[in-house]
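What follows is one structure encoded as structure tokens, with my remarks underneath.
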Amino acid sequence: MELLVRFRNCTVVTDILEKVDRTLEFLSFVRVYSLRRPDLVLPLFRVLRDTQVETIEYWQAIELIALAAADVSNYRIFNWCCDKIKKRFGDNWRLHRLLGLFHEIRLDYRAAAAVYENSLVKHPSCPQLYKRQVAILKSLNSYEQAAVVLCDYLKNFMVDEESWCELVFIYLYLRKYEEASNQNPFGIVSLMSKTGSFCRF
């Protein structure tokens, strides 16, 4: 209900600056709570299409609109958002992530994996790309390859507790118990506490 009230507040305003502010606020709310509501996001596209504000919120809203457009196969809006991001930031990792997610939404996991793999060559320090690639490899049932990618990632991002847990889960899925037990002890203890699977030795 609160979401619909916030959406309505965006649409009833006539002052363009206030409308942009309310639209950015609404889209930020949608993004923070990870809501997939293209029916509410796409009608606000026109507000942001005709204006440009150099804020983080604006560019995050453009990304959100691109994802909403991909959800409903609106290629015109998706391409507009990607072109806008490319003009402003060039060939960056955010654009590659959007293109990969576009393929994921269309269930073309092999194309998405190729996008992430090529992007990681250009942007090897981007954790989001690694995580998307691992998710895709798991979707393709390539757990061995997912473990390799995750190990490469953890060489650079050693304090990512969630990824250590993910690696342990992958090794357990593959029945590689020795590799699972040799992982970061912090990750194993955290995993055990989250799943409630404390063992008595």
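Numbering (our numbering), first residue to last: 6 to 206. Every residue, glycine too, gets a C-beta built ideally from N, C-alpha and C. Note that the structure is a prediction, hence the values are computed from the model and not measured.
> Where in the segment 46-124 do unbroken runs of the alpha helix (DSSP H), each at least 4 residues long, occur, reported from the N-terminal end onward?
Replying inline: 50-54, 61-76, 80-94 and 98-110
> Who are the near neighbours of A73 in its chain, counting only those whose CB is closer than 7 Å to its CB and skipping five residues on each side?
Replying inline: P43, V46 and L47
>> With a threshold of 7 Å on Cβ separation, who are the neighbours of F206 within its own chain once the five nearest residues in sequence on each side are excluded?
In response: Its pLDDT being 35, under 50, F206 is placed unreliably in this model, and the coordinates cannot settle the point.
> Is the closest heavy atom of the ligand COA to the C-beta of D113 under 7 Å?
Replying inline: With respect to the ligand COA, the structure offers nothing, as it holds no ligand at all.
> If S33 and Q65 are in contact, beta carbons under 8 Å, what's the gap, nearest whole angstrom?
Replying inline: 7 Å
> For E149, which option in L177, R27 and G95 has the closest C-alpha, if you only look at C-alpha atoms?
Replying inline: L177
> Can the beta-carbon of W85 be found less than 8 Å from the beta-carbon of C131?
Replying inline: no
> Quick one: what's got a C-beta closer than 8 Å to D76's C-beta in the same chain, skipping five residues either side?
Replying inline: R41, P43 and I110
> For the candidate residues K127, V58 and H108, whose alpha-carbon lies nearest to that of S144?
Replying inline: H108
>> Let's see if you can read the secondary structure: which residues bound the alpha helix (DSSP H) around T16?
In response: E7 to V17
> Alpha carbon to alpha carbon, what distance is there between K181 and Q133?
Replying inline: 26 Å
> For N187, does the three-state DSSP call read helix, strand or coil?
Replying inline: coil
>> Considering Cα atoms alone, identify which of R81, E59, D96 and F12 is closest to K127.
In response: D96
> Between which two residues does the alpha helix (DSSP H) harbouring P132 extend?
Replying inline: P132 to S144
>> If I follow the unbroken alpha helix (DSSP H) through F162, where does it start and stop?
In response: Taken as a continuous stretch (DSSP letters only), F162 belongs to no alpha helix (DSSP H), as it is neither H nor E.
>> Can you check which of these residues, Y114, V52, E59 and A119, is closest to N146 by C-alpha distance?
In response: Y114
> Taking the alpha carbon of R4 as the point to measure from, which residue in R102, C156, W169 and E171 has its own alpha carbon closest?
Replying inline: Beyond the ends of the chain as shown, which are 6 and 206, falls residue 4; an answer cannot be given.
> With burial defined as no fewer than 16 other Cβ atoms inside 10 Å of the residue's Cβ, what is the status of L104: buried or exposed?
Replying inline: buried
>> Tell me the DSSP secondary structure of R41 in three-state form.
In response: coil
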